[in-house]
């Protein structure tokens, strides 16, 4: 009967269409996240700084894409935007907003140990335009010794500050609020399933505009007893500590780079 | 009759159309005088198997026979018969469906204007989704037909008609009183009662429905009570006055989605749910009045209505991804009153020229809130608490002309103005604004021969901005969490659509082909899943739709259609996530005079692109309905998914975290909404007016 043949044909088409065709997940790649070399000697105003230790505890490094954010080009749109200001859904900072890659978990990053591996990130195949991470406070479970001074803190910075003939050793323990994050680190990278690059996490004590992490933190003058050693902590010198803490919240002091 | 015999019969019918089919053109005046609400443009074609507006190759009407003979669980299922349409229920029956049409992911109705008669059903700025469509209050037995126009070509297509427009027409052609009880394998109990008094027109009826369905799998229990009544109050002197009222209430569970990786590991079943307390409620009341006049040269149709609406959802799609301590469970509340009025004038200024005029105003006076809930259901945060009034005003006019007997042209334009006043109780601030858009529309049809039509159309569709879009910041704060930033301007989204097609109707065959394209320069959407206002880049949708229908007898119809749509973001070339590129449907419908009836629908849903290269599985499903009526008793058996395919009606790509033993990954992954497994329903209908009559008059 005609109808029978018709439905047999439908069944055949169904089998062809449906058999062994299951949902395929988004293609992804795993790439190492490594530490990029940090500029360990720099000038802060009239003080020469040499860093001997820079360690930071972070939680979950995310890589983001702009997705299909609207971008307009041309003279007329530009004129229009002059008159009618436009905000975009995921604006600014050369970054997108949709998380499609990540290095999950807690990590202690030693910024002076260039080339060391932070972890293995998983990235969906996509065009990446930004990165985020969240500060945390270090714990023994992060692989640290029980007496590691970073425990309980987000940052440990140590080094030498020199101004003229005066040299001061310093160590700074900086805590950031839980869940405080850095958003919108610029990143330009296209990940494919066959990508082999590494992603480098860099700490920049001097940002591209020349501002240092020690802006408004005069280490030498903090050595009031003249013993040549300064500890910067919330208990010892709260104003300098607060300034350093604030400076370390500025995203310009961090970068994520593609390492070929 | 074997297949070849039938084929010969079909060929014979093509060569020699039946004598009862008129072959002379029908003049505009005759059609205009008819009670049919389809427009009066039909000039030359006379064999109208495929109903609808006859002004585009793809417009379609789901007629009463399909409604009667095809399997259906509710009024939304009638939309499955529209070529190029795919609908997904990611809640229980009672939650609005998700709609896909011709490369559009219309979410819960944002791109599909839907009306009940002249009453807009899309809920502007609904807390769950802009343009939210809840059609569960419509009783299928009270629907005379569903008209679908794809694209935005008609002057009367208004807000949300960026992908197309749908109109449910109420009416009960089969007069009398009948009651139906339906029992289903999902412990479904449904009772309906339709009273359509004889001696009154099809527009007069009273329908009632009560339903309780456990649903398949977990957390799909749904209950609803609904009633719709309509009556012709006055008819005379070229004027008819009709009143309609509806009352509806529903409570339904919400299964949400399941992660595909969990399903593949066996941690959760496809038909399972992660939650055990997600639930929704929905209530609606409508009152409306329609006045139609026909003064010869001027015809008018004016409708006034008021709707009251209350809606709540308590759901969780992401586990504890966003809020580790409390979980992401949230409750959305929406209450609205929406009065409105519309009028349509058709002024004949010349035997071949009409001036159509459309005007509409509707206000949506609403309150809405979103509460974040603890797992125990206690509110711990209220991120949204709004009260707003939105006005939508439109005016459209143009010209409709038949300059020759083989050409029809409708062209014009409309202006849509949207004004919004919002009070954000969380910010304790008021916001507001108004925006307007002009939309040109043009359609033309050529009829080189009686049974051959060629169509071309262009139109611009509009979608209003959401009320809450006015409350969002327009500048990002320094070092703002970009994944949380909810910016973007409140703006009208406009779509430009073109369609070129042809339809050939030789005898019992009806064949149509249409090529279409839709472009959106920038799209302002509030993503209800993420809760962000997003302005998306330009998109285009290109595609082809073809259908073949065969009407070998007055009681038997066959049909098949194919829709291929290629939806892309223009800049990136990435596919529009979720929108099916390929939908193939075949169906057969029989309503034999001896009392047998049957309906079969098979469809193939092609592989659907998701974001970032993921691809949702294709699916194929067949639904069957058979029935027989003997005098006053009618028995129907429906089987959904007769091949018991384990298919996934919807697949989505987003991040969630449900298993505390697994890392909290922000990476999107595939989540699935299970399509129904094989289910069966048996329904007994008693036709009270036929009781005690002889056999022949009982049918």
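Protein chains in written order, with our numbering: chain A, 1 to 260; chain B, 1001 to 1699.
The C-beta atom is built at its ideal place from N, Cα and C for all residues, glycine as well.
Values in this document were obtained by computation on a predicted structure and should not be read as measured data.
Spatially closest choice to residue i from the options, by CA coordinates
| i | options | result |
| --- | --- | --- |
| residue 1241 (chain B) | B:1418, B:1291, B:1318 and B:1324 | B:1291 |
| residue 1460 (chain B) | B:1130, B:1158 and B:1133 | B:1158 |
| residue 1206 (chain B) | B:1175, B:1223 and B:1188 | B:1175 |
| residue 1101 (chain B) | B:1064, B:1117, B:1160 and B:1140 | B:1160 |
| residue 1249 (chain B) | B:1137, B:1236, B:1497 and B:1446 | B:1137 |
| residue 173 (chain A) | A:209, A:231 and A:211 | A:231 |
| residue 1595 (chain B) | B:1416, B:1629 and B:1621 | B:1629 |
| residue 61 (chain A) | A:128, A:134, A:39 and A:47 | A:134 |
| residue 1059 (chain B) | B:1076, B:1167 and B:1103 | B:1167 |
| residue 205 (chain A) | A:236, A:21 and A:36 | A:36 |
| residue 238 (chain A) | A:198, A:253, A:226 and A:218 | A:218 |
| residue 1634 (chain B) | B:1626, B:1499 and B:1640 | B:1626 |
| residue 240 (chain A) | A:226, A:252, A:227 and A:220 | A:220 |
| residue 127 (chain A) | B:1685, B:1573 and B:1140 | B:1573 |
| residue 1452 (chain B) | B:1417, B:1496, B:1509 and B:1431 | B:1509 |
| residue 1585 (chain B) | B:1491, B:1436 and B:1548 | B:1548 |
| residue 263 (chain A) | B:1664, B:1685, B:1690 and B:1674 | Because chain A in this structure spans residues 1 to 260, residue 263 (chain A) falls outside the shown range and cannot be described. |
| residue 195 (chain A) | A:260, A:161, A:224 and A:99 | A:260 |
| residue 1747 (chain B) | B:1689, B:1247, B:1202 and B:1280 | Nothing can be reported for residue 1747 (chain B): it is not among the residues displayed for chain B, which extend from 1001 to 1699. |
| residue 1222 (chain B) | B:1416, B:1640, B:1297 and B:1089 | B:1089 |
| residue 1282 (chain B) | B:1347, B:1300, B:1135 and B:1209 | B:1135 |
| residue 199 (chain A) | A:255, A:170 and A:236 | A:255 |
| residue 213 (chain A) | A:23, A:22, A:30 and A:47 | A:47 |
DSSP beta-bridge partners of residue i
| i | result |
| --- | --- |
| residue 1520 (chain B) | B:1495 and B:1539 |
| residue 1070 (chain B) | Residue 1070 (chain B) pairs with nothing; no bridge assigned. |
| residue 1247 (chain B) | B:1227 and B:1285 |
| residue 967 (chain B) | It is not possible to answer for residue 967 (chain B), since the shown part of chain B is limited to 1001 through 1699. |
| residue 1330 (chain B) | B:1315 and B:1372 |
| residue 1093 (chain B) | B:1095 |
| residue 65 (chain A) | A:98 |
| residue 1077 (chain B) | DSSP, once it has assigned bridges, lists no residue as partnering residue 1077 (chain B). |
| residue 1268 (chain B) | Partner(s): none; residue 1268 (chain B) has no beta bridge. |
| residue 1182 (chain B) | B:1190 and B:1683 |
| residue 1592 (chain B) | In the DSSP output, where bridge partners are listed per residue, residue 1592 (chain B) has none listed. |
| residue 1659 (chain B) | Answer by DSSP bridge pairing: none, since residue 1659 (chain B) is not bridged. |
| residue 1447 (chain B) | Paired residues: none, contrary to the question. |
Proximal chain C residues relative to residue i, where beta-carbon distance stays under 7 Å
| i | result |
| --- | --- |
| residue 208 (chain A) | Note that chain C does not occur in the displayed structure, where the protein chains are A and B. |
Closer than 9 Å, Cβ to Cβ, to anything on chain B: give me those residues from the segment 146-157 of chain A, in chain order. Under the 9 Å Cβ criterion, the segment 146-157 of chain A contributes no residue.
Contact between the segment 1401-1414 of chain B and the segment 1373-1381 of chain B is defined here as three or more beta-carbon pairs at a separation below 8 Å; is this criterion met? The answer is no - the segment 1373-1381 of chain B does not touch the segment 1401-1414 of chain B, with fewer than three Cβ pairs under 8 Å.
Sequence ranges, beta strand (DSSP E) only - wholly within the segment 32-63 of chain A, length at least 3: Entirely contained in the segment 32-63 of chain A, the beta strand (DSSP E) runs reaching 3 residues are, in chain order, 41-44.
Tell me which residues of the segment 1237-1261 of chain B have at least one Cβ-Cβ distance to chain A shorter than 7 Å, keeping chain order. Listed by position, the residues of the segment 1237-1261 of chain B near chain A (Cβ gap below 7 Å) are 1260.
Measuring CB atoms only, is the segment 1251-1260 of chain B touching the segment 1225-1235 of chain B, in the sense that at least three cross pairs come out at less than 8 Å? As far as the Cβ criterion goes, the segment 1251-1260 of chain B does not touch the segment 1225-1235 of chain B, which means the pair count is below three.
Can you give, in chain order, each stretch of the beta strand (DSSP E) that sits fully within the segment 1536-1583 of chain B and has at least 3 residues? If only uninterrupted beta strand (DSSP E) runs of at least 3 residues are considered, those enclosed by the segment 1536-1583 of chain B are 1539-1553 and 1556-1569.
With 9 Å as the limit, tell me which residues of the segment 1274-1301 of chain B have their beta carbon closer than that to any beta carbon of chain A; keep them in chain order. Within the segment 1274-1301 of chain B, no residue qualifies.
Would you be able to state if there are at least three C-beta pairs under 8 Å between the segment 1272-1289 of chain B and the segment 1103-1114 of chain B? As far as the Cβ criterion goes, the segment 1103-1114 of chain B does not touch the segment 1272-1289 of chain B, which means the pair count is below three.
Taking any Cβ of chain A, which residues in the segment 1609-1633 of chain B have a Cβ under 8 Å from it, in chain order? For the segment 1609-1633 of chain B, the residues whose beta carbon sits under 8 Å from a beta carbon of chain A are, in order, 1610, 1611, 1612, 1613, 1614, 1615, 1616, 1617, 1618, 1619, 1620 and 1622.
Beta carbons nearer than 9 Å to chain A: which residues of the segment 1656-1676 of chain B have them? Within the segment 1656-1676 of chain B, the qualifying residues are 1663, 1664, 1665, 1666, 1667, 1668, 1669, 1670 and 1672.
Count the C-beta pairs between the segment 1423-1431 of chain B and the segment 1394-1402 of chain B that are closer than 8 Å, then say yes if the count reaches three, no if not. Cβ pair count under 8 Å is below three, so no.
Near-chain A residues of the segment 1578-1610 of chain B - C-beta to any C-beta below 8 Å: Those would be 1584, 1586, 1588, 1600, 1602, 1604, 1606, 1607 and 1610, in chain order.
So if I threshold CB-CB distances at 9 Å, which residues from the segment 21-33 of chain A count as touching chain B? Residues 21, 22, 23, 24, 25, 26, 27 and 28.
Would you list, in chain order, the members of the segment 221-235 of chain A that have their beta-carbon closer than 9 Å to a beta-carbon of chain B? Cβ contacts with chain B come from no residue of the segment 221-235 of chain A.
Can you find at least 3 beta carbon pairs, one from the segment 1309-1319 of chain B and one from the segment 1344-1362 of chain B, that sit closer than 8 Å? In the pairwise beta carbon analysis, the segment 1309-1319 of chain B is classified as not touching the segment 1344-1362 of chain B: fewer than three pairs are separated by under 8 Å.
Contact between the segment 1283-1300 of chain B and the segment 1262-1269 of chain B (3+ Cβ pairs under 8 Å): The segment 1283-1300 of chain B, when compared against the segment 1262-1269 of chain B, does not touch it at the 8 Å Cβ threshold.
Does the count of Cβ pairs from the segment 1516-1523 of chain B and the segment 1536-1552 of chain B closer than 8 Å reach three? Judged by Cβ distances under 8 Å, the segment 1516-1523 of chain B makes contact with the segment 1536-1552 of chain B, as three or more pairs qualify.
If you measure beta-carbon to beta-carbon, which residues of the segment 123-143 of chain A are closer than 9 Å to chain B? Flagged, chain order: 123, 124, 125, 126, 127, 130 and 132.
Can you give me, in chain order, the residues of the segment 1642-1653 of chain B that have a beta carbon less than 9 Å from any beta carbon in chain A? Listed in chain order, the positions of the segment 1642-1653 of chain B with a beta carbon within less than 9 Å of a beta carbon of chain A are 1643, 1645, 1647, 1648, 1651 and 1653.
Runs of beta strand (DSSP E) wholly within the segment 1385-1426 of chain B (minimum 3 residues, chain order): For the segment 1385-1426 of chain B, the continuous beta strand (DSSP E) assignments of 3+ residues that do not extend past its boundaries occur at 1407-1424, in sequence order.
Continuous beta strand (DSSP E) assignments of at least 3 residues falling wholly in the segment 1083-1163 of chain B: Runs found: 1085-1088, 1098-1101, 1112-1116 and 1143-1150.
With a floor of 3 residues, list each beta strand (DSSP E) that falls wholly inside the segment 189-219 of chain A, ordered by position along the chain. Listed in chain order, the complete beta strand (DSSP E) runs (minimum 3 residues) inside the segment 189-219 of chain A are 198-203.
Going along the segment 49-62 of chain A in order, which residues come within less than 9 Å of chain B, judged by CB to CB distance? Answer in chain order: 60 and 62.
Quick one: any contact between the segment 1550-1562 of chain B and the segment 1578-1592 of chain B, if contact means 3 or more CB pairs under 8 Å? Segments in contact, yes.
Closer than 8 Å is the cut-off here; do at least three beta carbon pairs connect the segment 109-127 of chain A with the segment 175-184 of chain A? Too few Cβ pairs lie closer than 8 Å, so no.
Could you say if the segment 1190-1206 of chain B and the segment 1117-1137 of chain B meet the contact criterion of at least three C-beta pairs nearer than 8 Å? Remark: fewer than three beta-carbon pairs, one from each stretch, lie closer than 8 Å, so the segment 1190-1206 of chain B and the segment 1117-1137 of chain B are not flagged as touching.
Would you call the segment 1641-1659 of chain B and the segment 30-48 of chain A touching, i.e. three or more CB-CB distances under 8 Å? Of all C-beta pairs linking the segment 1641-1659 of chain B to the segment 30-48 of chain A, fewer than three are shorter than 8 Å, placing the two stretches out of contact.
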